[in-house]
Structures are given as structure tokens and as C-alpha cells.
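Undergrad: Read left to right, the sequence shown gives residues 8 to 710 (the working numbering).
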Amino acid sequence: MLYLQEKKQNIQHILAFNLTSGERVFYLDESQYAIGRHPQNSIVINAEGISRHHATLIQKHKENDHFSYVIIDGNIEGYKSRNGLAVNGKRIDKYELKHGDIVHFTKEVTAHYYIIDQESQGFIQKLTPNVFLTAKDSPINSLSTDTQLIQRTEKNPTLSEIKNLASVVELSPVPIIEINSEGTITYLNHSANLKFPDLEKTQLQHPLLQGLIEKQNYNNGSLVIREVDIQEQSFEQHIHYLAKERLIRSYIFDITQRKKAENDLKYHAFHDTLTGLPNRTFFDQHISLMVNNCERHQKLFAILFIDIDSFKNINDTLGHSIGDRILKCFAQRLTSQIRSGDLVCRWGGDEFVVLLSEIENPDEAAKFSERLLQTFEHPLNMEGHQIYLKSSVGIAIYPEDGQDAEMLLKHADAALYRTKESGRNHYQFYNPEMSLEIAENFALESQLHEAIKNNELILHYQPQINIKTGQVYGLEALIRWQSPKLGLVRPDKFIPLAEKTGLILPMGEWVLKTACQQNKKWQKMGLPPVRISVNLSAQQLQQPNLIEIVENTLESVGLDPEWLELEVTESILMKNTALASQTLQELRNMGVYISMDDFGTGYSSLGYLKKFPFDTLKIDQSFVKELNQNSQDLSIISAIMTLSRGFNMRVIAEGVENKEQLKLLQELDCEEMQGYFFSHPLSPEEILNYLLKFNQQKHLIFT
Ligand code: C2E
Ligand code: MG
Ligand code: MG
């Protein structure tokens with residue numbers, strides 16, 4: 008391995024002084040050099056401002072027998088120079104020299120430091136044998152500004168020439184490797200030595216040299232470019248086959264950063280940044296492969312569209328940062344459920360798509376969905392909030408429900424839509440009737456536009472009973488659409504559509520006016536006055552002129568504000584808390600009552616109750632629905648009762664359907680109730696009868 012040793016010694020360290028009187032260049036190879044005025048120093052400088060021991064050079068060993076020089080101010084015992092030392096214009100005490108550094112001993116006395124390869128040094132020496140001398144061997148090892156010790160000859164290169172020669176190849180930051188046609192390394196520059204210390208040991212086994220000999224191609228100007236990965240780094244290797252010299256010379260460019268950037272871009276193009284899951288683009292590519300594969304092998308696969316129930320509410324009430332964390336947790340739980348060949352993608356918002364590959368039968372997709380829904384039975388704990396996530400799943404099976412990606416996704420989505428319609432937290436398989444239903448919804452949207460114009464909207468009224476006093480305390484106005492084509496349509500079907508299309512504003516105004524007019528009419532008839540409750544939608548609450556509309560309506564109808572109550576849900580309030588709070592406060596100041604509808608479903612912190620001027624809190628019917636002696640809902644309702652007393656609010660339980668619920672609520676001191684047990688929502692004529700007959704009915708209800 009003679010060659011190896013030679014190569015290691017090839018690197019030379021040079022200190023080149025530039026004096027007014029001339030130039031002196033020193034090879035550095037000893038472990039230490041003392042520099043200064045003292046005659047016993049290894050490098051003597053007799054110049055103004057130079058201390059006796061001005062500086063010291065110390066060899067510092069690096070890996071693979073390489074070394075560098077560290078320059079320190081003063082001598083080795085720590086006595087500093089009088090005027091200090093600088094490198095590249097900066098004062099230093101200790102500094103590891105790098106190629107091209109300029110050492111300032113004084114303003115006038117400076118030296119350049121170079122690292123060069125012996126081959127080019129040899130080349131330089133040919134030009135100027137006198138210039139390059141090791142300090143040890145040099146017959147004259149002192150510099151003097153007075154005496155010009157070395158005369159520059161014609162052949163002597165200038166410092167800039169040295170610099171150029173030194174930097175062209177050897178000091179190029181680009182590693183350069185040359186091998187001959189037999190595969191022997193004939194040249195490595197400094198950078199190649201530093202960057203690939205294994206080259207000499209591994210020779211042709213080194214990734215950068217592998218395959219070079221086998222593919223020798225000396226056609227004129229032949230250049231081959233390839234990418235080589237070495238551990239975590241990527242390199243681009245430009246291989247020149249030099250015909251005349253029978254040499255193979257490679258220039259190595261580090262493209263790790265570029266590759267990383269490229270990979271990052273690729274990653275971003277195919278992944279969702281928040282959850283780290285593959286995105287739609289990724290899915291699109293993957294599913295076409297899946298379709299081809301399953302077609303060839305006659306296999307089934309399932310697409311599941313998954314959506315978090317009421318995620319919008321969570322986001323609106325708990326804020327986006329918690330919303331984001333919930334999405335991440337959801338993604339993790341989802342991922343934990345799949346097998347290795349399956350795929351989970353974030354589709355957007357709170358929608359995810361799972362692809363279950365190669366299933367034996369659709370039942371596997373059902374089992375997966377059940378498992379998935381079960382994982383969410385444990386709540387997420389987030390900043391003190393216990394969050395119970397529920398999700399809905401729609402399933403489409405290849406090839407039965409669609410032969411291509413588009414159709415399968417459309418049908419899985421339709422199944423999801425149906426799941427949501429029928430009560431959420433469940434899964435459904437696609438069936439062709441679902442597509443019909445979606446088409447119907449489109450039709451619904453266009454017909455709704457006509458509904459207001461054609462006076463197809465009507466209000467039904469549902470009584471709110473105080474069971475302690477036995478009185479009808481109020482009536483809730485509930486909108487219905489009497490469609491000539493569709494029959495009586497419930498608000499759940501068209502309110503979301505009306506919100507989407509903006510129709511909700513004129514529709515809301517109509518409800519308010521009609522309910523107030525109706526109430527006034529009953530008062531004029533001499534019935535005991537009742538408060539009428541009107542539901543407000545999110546858009547209505549954000550309407551800048553809502554106060555004006557309410558004021559004008561009450562005035563034109565001649566109804567006293569105390570006979571109107573406005574119902575808002577939690578999630579509506581969270582849309583723009585500050586504005587909502589101000590608007591509701593102004594309405595309250597006007598004398599209108601305010602109630603919180605569907606309380607308990609909106610994830611809002613109870614602290615919100617204090618922020619808004621609520622008179623009434625309506626316990627959502629989901630708490631009342633399965634109320635029995637042992638149910639957890641009992642303790643929730645009990646807590647709501649305690650809380651409302653603290654805030655001095657009335658409580659109404661919604662959805663009371665039977666006597667058992669009534670009794671349990673009564674035991675909890677809940678006095679006001681609304682529900683089918685007392686009456687369904689009724690048309691104005693029916694409710695009039697109801698009110699007139701109430702005294703007799705009351706007797707029936709409470710016995
Ligand atoms: P909500 O304000 O919570 O109204 C109560 C809903 O529960 C009504 O449904 C009512 O018919 C139903 N309900 C009453 N008692 C019982 C019971 O004992 N059991 C069961 N299962 N249900 C009962 P409806 O009329 O279909 O209204 C649904 C929702 O539509 C309302 O919920 C309200 O949020 C919205 N809505 C209704 N009318 C309007 C309106 O004029 N404007 C706006 N913005 N929303 C409205
Ligand atoms: Mg309501
Ligand atoms: Mg409600």
C-alpha cells in the first residue's frame with residue numbers, strides 16, 4: 008500500500024509571507040513553530056511591531072493521518088504578543104487555519120496560509136525551485152524587511168499565482184477522483200480525501216468507484232452522470248472518460264440538500280402536512296393501481312369514507328388549535344387500525360378515506376368499521392376537555408359498487424351522507440337508492456327557492472309546559488315546508504340547504520314576523536299571554552342589522568318584547584363570540600328573552616354561559632332520550648340543574664316523550680318541559696284548540 012502512504016503525505020501546508028521587501032514561503036511539516044523576533048524562533052521576523060514570541064503554530068491531528076495547523080497569539084506558555092494577532096482582519100487568541108486565510112502579524116507583515124497537493128507543488132517547484140523551502144531545511148529561515156533575502160527571479164510565481172495554482176484542482180471544494188483503466192487510483196484532491204476517507208481503503212469497492220471500470224467508454228468527450236447514495240448523503244458523479252490518458256476522472260457534487268428539497272416537495276405533493284397522512288393525489292395514484300391489480304386477480308377491495316361527527320362544532324367551540332390536534336389523534340387512531348397493505352388518506356377537513364385492499368368479502372369492511380367506531384369510545388383528553396369523538400362511515404365495494412375510482416368514491420360518499428342522515432356514529436354500505444336520494448336533494452335545493460315566493464312555508468308550534476304551575480309557559484315556533492311536490496318537509500332537511508344558499512335570511516325574517524303576528528293575534532283573542540320562541544340561525548345572528556329587524560318587527564306587529572324569546576345554539580355562538588355576545592346583550596336590553604338551545608351538544612366550556620345573557624337553557628333531547636334510573640344522563644342533567652341555579656337561569660328539558668322521563672326530571676327539580684308527551688308541534692289552528700283545552704288536559708297529564 009505504498010501508494011496510500013504517498014497519497015497521505017501529498018497534502019502540504021504553506022505559510023507565504025508577503026512583505027514590502029519580498030515574499031517568503033514556508034512549508035510547514037513540524038509539530039510546532041515559534042514565530043517572532045527572537046533569533047531562536049523557527050520563523051524569525053525582524054519587523055516593526057513584531058514581538059519576540061509573536062505567535063505559535065501547532066499541528067493538530069485529524070482523522071486518517073491528516074492534520075491542520077492552529078495558530079495562537081504569543082508563545083506556548085501563554086505570553087501574548089504585544090500588539091496582538093489577527094486572522095482575516097479579526098483579532099484572535101487561537102484559531103485553526105483554513106486554506107486561504109490571511110494572518111496579520113502587524114499591519115505590514117501578513118502571511119497567506121495554503122494547503123496544496125504535492126503534485127501541483129511539484130509543478131510549482133519546477134517553475135521556482137527557490138521559493139518552496141521547509142522551515143527546517145531552509146538555509147535562511149529568517150525574514151527581514153531590511154534585507155531582501157530572496158530575490159525574485161523571472162521564474163518565481165507571485166502569491167496570486169500560487170493561490171491560483173493551489174486552488175484550481177487540489178483545493179477545489181469539489182472532490183475529484185481519478186483512476187486509470189486498470190482501476191488504480193491515480194489522483195485524489197484534498198476535498199476527495201477529506202470527504203471520502205474510505206476511498207483508499209475500499210478502492211473499487213467504494214460506491215463512487217463501483218462499475219466505473221466495467222463501463223469504460225472512451226468515445227470522444229464521453230461524460231456519464233450518475234447519482235450515488237452514501238449513507239445519508241446523495242452525490243451526483245460526473246464521470247469523464249479521458250481517451251488519450253486512459254483515465255477516468257470523476258467530479259463529485261454533493262446534492263444531499265437538493266435531494267432533500269426534492270423529496271420534501273414530493274412529500275408535500277403527496278401528503279397532508281397536518282396529519283402526515285397521504286393525501287388525495289397519492290390516493291388517486293394508488294387506487295388506479297389497486298383497480299388494475301384487483302381486476303387482474305379477481306379480488307375485492309373496499310373504500311371507506313369516514314367523517315368526524317360534529318367536527319365543525321368542535322372547531323368552532325374549542326378553537327382551531329385543539330381542532331388540529333384532534334384531527335391528528337383521529338388520524339393516528341385510524342392508522343392504528345389498518346393492516347400493512349391498506350391505506351389511510353386525509354381527504355380534506357375532517358374527512359378521511361380508507362382503502363382496504365384485497366378483502367375476502369364485504370363483511371371485513373363492516374368489521375373494520377365496527378372496530379374503528381369502538382376505538383373512539385375512549386375519550387380524548389385535551390387541555391382538560393374530555394372529548395368523545397364519533398364518526399360516520401360510508402362503504403363502497405369494488406367491483407360491485409363501481410368499476411373505477413371515481414364511481415367508488417362517489418358511492419362511498421353517498422353512503423356516508425346516508426349514515427349522517429340516519430343518526431351518525433354508524434356505518435353503511437352503499438346501495439343504489441342512495442344515489443337517487445342525493446339527486447333528490449339537488450331538486451330540493453332548486454324548489455326551495457320557490458318556496459318563500461309561493462307561500463309554501465308554515466309554522467308549527469310546540470308548547471313548553473311548566474309542570475309545577477301547570478301552565479303553558481311558551482310556544483316554540485318550528486318551521487315546516489308544505490311543498491306541493493314533496494309534502495310536508497321537516498326543517499332538518501331544508502334548513503342546512505337554506506343556510507348554504509343564503510335563503511335563510513329572508514326565511515328567518517319571515518319566521519320572526521309570522522310568529523310575532525300569531526302571538527299578537529292570540530293575545531288579542533284574550534288567551535293568557537305566552538312567550539313565543541323563535542330559532543335563530545348562525546347567519547341571522549351575524550347579520551349586522553338583526554337588532555333593527557327585531558325592533559321593527561316587534562313595533563310593526565305591536566308585540567311587547569317580553570313575549571318574544573330567541574333560541575340560539577352553542578355552536579352558533581362560537582362563530583363570532585364577541586359579536587354574538589354584543590348582539591344578544593342588546594336584544595336582552597331591549598327586553599327580548601334569550602335561550603340556549605340544544606345545550607350539552609356543542610362542547611362549549613360552561614364558562615361561556617356567563618358570557619352571554621341567557622334566561623333559559625334548553626337541555627338537548629339526546630340527554631332526555633335514554634333517561635332512566637341508572638343512566639349517566641341523570642347525573643349530567645343534575646349537574647346542569649345545579650349550574651343553572653348558580654347562573655339564575657331557567658331550564659327546559661327538550662324531547663320529553665314519556666312519563667318515566669317526566670318523573671325523573673321532576674325529581675331533579677326540572678320544572679319546564681317540552682316534548683311529544685305533552686304535544687307534538689301543531690299547526691296554528693290545532694295549537695289554538697290545545698291552548699283552549701289545556702286546563703282539562705293538564706288534569707290528564709299530571710295524574
Ligand atoms: P330545535 O330548536 O331543538 O327544536 C326541537 C325539535 O325537536 C323539533 O324538531 C321538534 O319537533 C322536536 N321535538 C320536540 N319534542 C320532541 C320529542 O318529544 N321527541 C323527539 N324525538 N323530537 C321532539 P323540528 O321541528 O324538526 O326542528 C328541528 C330543528 O330545526 C330545530 O331544533 C331547530 O334547530 C331547527 N329549526 C326549526 N325551525 C326553525 C326556524 O324557524 N329557524 C331556524 N333557524 N331553525 C329552525
Ligand atoms: Mg329550538
Ligand atoms: Mg333543541
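For every residue, glycine included, the Cβ atom is placed at its ideal position computed from N, Cα and C.
Treat the numbers as computed from the prediction; the structure is a model and nothing was measured.
Could you pull out every residue in the same chain whose Cβ sits closer than 6 angstroms to the Cβ of Ser-588, ignoring the five residues on either side in sequence?
TA: Taken in chain order, the residues that qualify are Lys-618 and Phe-619.
Undergrad: Report the rounded CA-to-CA distance for Asn-526 versus Leu-553, giving the unit in angstroms.
TA: Taking the straight line from one Cα to the other gives about 20 angstroms.
Undergrad: Just mark Ala-720 as buried or exposed, buried being the case when its beta carbon has 16 or more other beta carbons within 10 Å.
TA: Here the chain comprises residues numbered 8 to 710, so residue 720 is not present and cannot be evaluated.
Undergrad: Is Gln-592 a contact residue of ligand 1, with contact defined as CB to any heavy atom under 7 angstroms?
TA: No, since every heavy atom of ligand 1 falls outside the 7 angstroms radius drawn around the Cβ of Gln-592.
Undergrad: At which residues does the beta strand (DSSP E) containing Ala-484 begin and terminate?
TA: That run of the beta strand (DSSP E) goes 478 to 490.
Undergrad: Does Val-110 come out as helix, strand or coil in the three-state DSSP assignment?
TA: Residue state, collapsed to three classes: strand.
Undergrad: Give the DSSP-derived three-state secondary structure of Arg-98 in the structure shown.
TA: Here Arg-98 sits in strand by DSSP.
Undergrad: Which residues neighbour ligand 2 when neighbourhood means a C-beta less than 5 angstroms away from any of its non-hydrogen atoms? List them by chain order.
TA: That gives Asn-542, Glu-574 and Asp-604.
Undergrad: Span of the beta strand (DSSP E) holding Pro-470?
TA: Note, Pro-470: beta strand (DSSP E), 464 to 473.
Undergrad: What are the residues that DSSP puts in a beta bridge with Pro-285?
TA: Looking at the DSSP assignment, Pro-285 forms a beta bridge with His-278.
Undergrad: According to DSSP, is Glu-661 helix, strand or coil?
TA: DSSP places Glu-661 in coil when its eight states are reduced to three.
Undergrad: Is Gln-471 a contact residue of ligand 5, with contact defined as CB to any heavy atom under 7 angstroms?
TA: Absent from the structure shown: ligand 5. Ligands present: ligand 1, ligand 2 and ligand 3.
Undergrad: Assess contact between the segment 269 to 286 and the segment 327 to 341, defined as three or more Cβ pairs (one per stretch) separated by less than 8 angstroms. Is contact present?
TA: Touching, yes, given that three or more Cβ pairs across the two stretches are closer than 8 angstroms.
Undergrad: Could you tell me whether the Cβ atoms of Pro-551 and Leu-561 are closer together than 8 angstroms?
TA: No, these two residues do not count as a Cβ contact at 8 angstroms.
Undergrad: Is there at least one non-hydrogen atom of ligand 3 closer than 7 angstroms to the beta-carbon of Lys-627?
TA: The question names Lys, but residue 627 in the sequence shown is Asp. Yes.
Undergrad: Ala-309 lies in the beta strand (DSSP E); which residues open and close that run?
TA: Its beta strand (DSSP E) spans residues 307 to 315.
Undergrad: Skipping 5 residues on each side, what residues in its chain have a beta carbon closer than 8 angstroms to that of His-433?
TA: So the qualifying residues of the chain are Leu-380, Ser-399, Val-400 and Thr-426.
Undergrad: Less than 8 angstroms between the C-beta atoms of Ile-50 and Arg-44, yes or no?
TA: Against a cut-off of 8 angstroms, the Cβ pair of Arg-44 and Ile-50 comes out as no contact.
Undergrad: Does any residue of chain C bring its CB to less than 8 angstroms from the CB of Ser-88?
TA: No chain C appears in this structure, which consists of one protein chain only.
Undergrad: What's the call for Ile-445, buried or exposed, on a 16-neighbour Cβ count within 10 Å?
TA: With fewer than 16 other Cβ atoms within 10 Å, it is exposed.
Undergrad: With DSSP as the reference, label Phe-685 as helix, strand or coil.
TA: Phe-685 falls in the coil class under three-state DSSP.
Undergrad: Which runs of the alpha helix (DSSP H) spanning at least 4 residues fall entirely within the segment 559 to 583, listed in chain order?
TA: Runs found: 577 to 582.
Undergrad: Would you list, in sequence order, the uninterrupted alpha helix (DSSP H) runs of no fewer than 4 residues that lie entirely inside the segment 507 to 544?
TA: As far as the segment 507 to 544 is concerned, its whole alpha helix (DSSP H) runs of at least 4 residues are 511 to 531.
Undergrad: Tell me which same chain residues have a C-beta within less than 7 angstroms of the C-beta of Asn-286, skipping the five on either side of it?
TA: Cβ neighbours of Asn-286 beyond the five flanking positions: Phe-277, His-278, Asp-279, Cys-352 and Arg-353.
Undergrad: Quick one: Cα of Lys-666 to Cα of Leu-641, how far?
TA: Between Lys-666 and Leu-641, the C-alpha separation is close to 15 angstroms.
Undergrad: So, with DSSP's three-state summary, where would you put Met-389?
TA: The answer is strand: DSSP assigns Met-389 an E or B state.
Undergrad: Given a cut-off of 8 angstroms on the beta-carbon distance, is the pair Ser-88 and Ala-62 in contact?
TA: Cβ atoms of Ser-88 and Ala-62: closer than 8 angstroms.
Undergrad: Would you say Arg-435 and Gln-681 are within 8 angstroms of each other, going by their C-beta atoms?
TA: Here residue 435 is Gln; the residue named in the question, Arg, does not match the sequence. In this structure, Gln-681 does not lie closer than 8 angstroms to Gln-435 by Cβ.
Undergrad: May I ask you to report which of helix, strand or coil DSSP gives Ser-376?
TA: Of the three classes helix, strand and coil, the one that applies to Ser-376 here is helix, per DSSP.
Undergrad: Tell me whether the segment 309 to 324 and the segment 252 to 259 touch, counting them as touching only if at least three CB pairs, one residue from each stretch, are closer than 8 angstroms.
TA: Too few Cβ pairs lie closer than 8 angstroms, so no.
Undergrad: Can you check whether the CB of Val-94 is closer than 8 angstroms to the CB of Ile-109?
TA: Yes, these two residues count as a Cβ contact at 8 angstroms.
Undergrad: Going straight from the alpha carbon of Leu-350 to that of Ala-422, what length do you get?
TA: Approximately 19 angstroms, taken between the alpha carbons.
Undergrad: Checking 8 angstroms against the spacing of the C-beta atoms, do Ala-484 and Ile-539 come in under that value?
TA: Yes; because the gap between Cβ atoms is below 8 angstroms, this pair is in contact.
Undergrad: Would you say Gln-681 touches ligand 1, meaning its beta carbon is less than 7 angstroms from a heavy atom?
TA: Correct: Gln-681 has its Cβ closer than 7 angstroms to ligand 1.
Undergrad: Mapping DSSP to helix, strand and coil, what is Phe-709?
TA: Because the pLDDT at Phe-709 is just 47, under 50, the model does not fix this residue reliably, and the point stays unresolved.
Undergrad: Within the continuous beta strand (DSSP E) that includes Asn-448, where are the two ends?
TA: Element bounds for Asn-448: not the beta strand (DSSP E) but the alpha helix (DSSP H), 440 to 460.
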